[in-house]
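All remarks here apply to the structure that follows.
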Amino acid sequence: MPNVPRLKRGVVGTAEAIAQEIAAMAPACDTVAFITSAAAFAFVLTPLAFLLAMVTMFIEVNTLYHLSKHHASAGGYYGYVATSFGPGPAIVTGMMYPVYQIASTAAIPLYVAGIVLPGVLNYFWGIQLPGWIWIPFILTFVVVPIILAMIGIRPQMKYLRYAALT
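With our numbering applied, the sequence shown covers 3 to 168.
Pasting the structure below:
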């Protein structure tokens, strides 16, 4: 049997798996980034909108948790779809996921650093930020996870557990 690289047993525990799901959904970033949009459309029902979003996110985490108990693999969504629906839909999912991940990874720091942060600093303290200030934020949000992934899964999971659960 050829030596196939596999995820070592016990590297990712329950706390790390929960932290990874929380980090993947980034509820804190979503709250900061989209609270203005929610308030603009929901008005006085904004708390209800956030409650519904929280319930929806819980259902997603719960679903992925139970899927991972029965279809454990390092393939992520691709593995779940391949096991459930076959390789065709899994390939489509695998091709769509990087597009989604890049767009969502860039959208939140772009909104926070390009709109919210300059607006707050200008409104409260009269500080004008340069128009390119969002670029370092996006680079940080993209480069740091890549470096963590290159270091290995154990340091990445420790960081995720700390960042997501604190």
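Cβ atoms here follow ideal geometry from the backbone N, Cα and C, with glycine treated the same way.
(1) Give every residue of the same chain whose Cβ lies closer than 8 Å to the Cβ of Tyr1, excluding the five residues on either side of it in the sequence, and list them in chain order.
(2) According to the neighbour-count rule (16 or more other Cβ atoms, all chains shown, within 10 Å of its Cβ), is Tyr82 buried or exposed?
(3) Quick check on DSSP: helix, strand or coil for Leu131?
(4) Assign Trp134 to buried or exposed, taking buried as 16 or more other Cβ atoms, counted over all protein chains shown, within 10 Å of its Cβ.
(5) Assign Val14 to buried or exposed, taking buried as 16 or more other Cβ atoms, counted over all protein chains shown, within 10 Å of its Cβ.
(6) With DSSP collapsed to three states, give me the class of Ala5.
(7) When burial is assigned at 16 or more other CB atoms within 10 Å of the CB, is Leu53 buried or exposed?
(8) Under 8 Å: do the region 109–117 and the region 137–146 share three or more Cβ pairs, one atom per stretch?
(9) Report buried or exposed for Arg163, applying the criterion of at least 16 other Cβ atoms within 10 angstroms of its Cβ.
(10) Please state the DSSP three-state secondary structure of Arg11.
(11) Measure the C-alpha to C-alpha separation of Lys10 and Ser86 and round it to an integer number of angstroms.
(12) Return the first residue and the last residue of the alpha helix (DSSP H) that Val63 is part of.
(13) On the DSSP letters alone, give me the boundaries of the alpha helix (DSSP H) that Ala108 sits inside.
(14) Quick one, which of Val46, Ala151 and Ala19 has its alpha-carbon nearest Tyr67's?
(15) Count the other CB atoms within 10 Å of the CB of Ala84; is the residue buried (16 or more) or exposed (fewer)?
(16) Throw me the rounded Cβ distance for the Ala115 and Trp136 pair, which I believe falls under 8 Å.
(17) Alpha helix (DSSP H) containing Val146: first to last residue?
In brief:
(1) For the chain, the structure presents residues 3 to 168; residue 1 sits outside this window and is missing.
(2) buried
(3) The DSSP-derived three-state label of Leu131 is coil.
(4) Around the Cβ of Trp134, a 10 Å sphere holds fewer than 16 other Cβ atoms; the residue is exposed.
(5) buried
(6) In the sequence as presented, Ala is not what sits at residue 5; that position holds Asn. Coil at Asn5, not helix or strand.
(7) Looking at its Cβ environment, which holds fewer than 16 other Cβ atoms inside 10 Å, Leu53 is exposed.
(8) yes
(9) buried
(10) coil
(11) 24 Å
(12) Counting along the chain, the unbroken alpha helix (DSSP H) around Val63 starts and ends at Thr48 to His72.
(13) DSSP places Ala108 in the uninterrupted alpha helix (DSSP H) bounded by Pro89 to Tyr113.
(14) Ala19
(15) buried
(16) 4 Å
(17) Start and end: Trp136 to Ile153.
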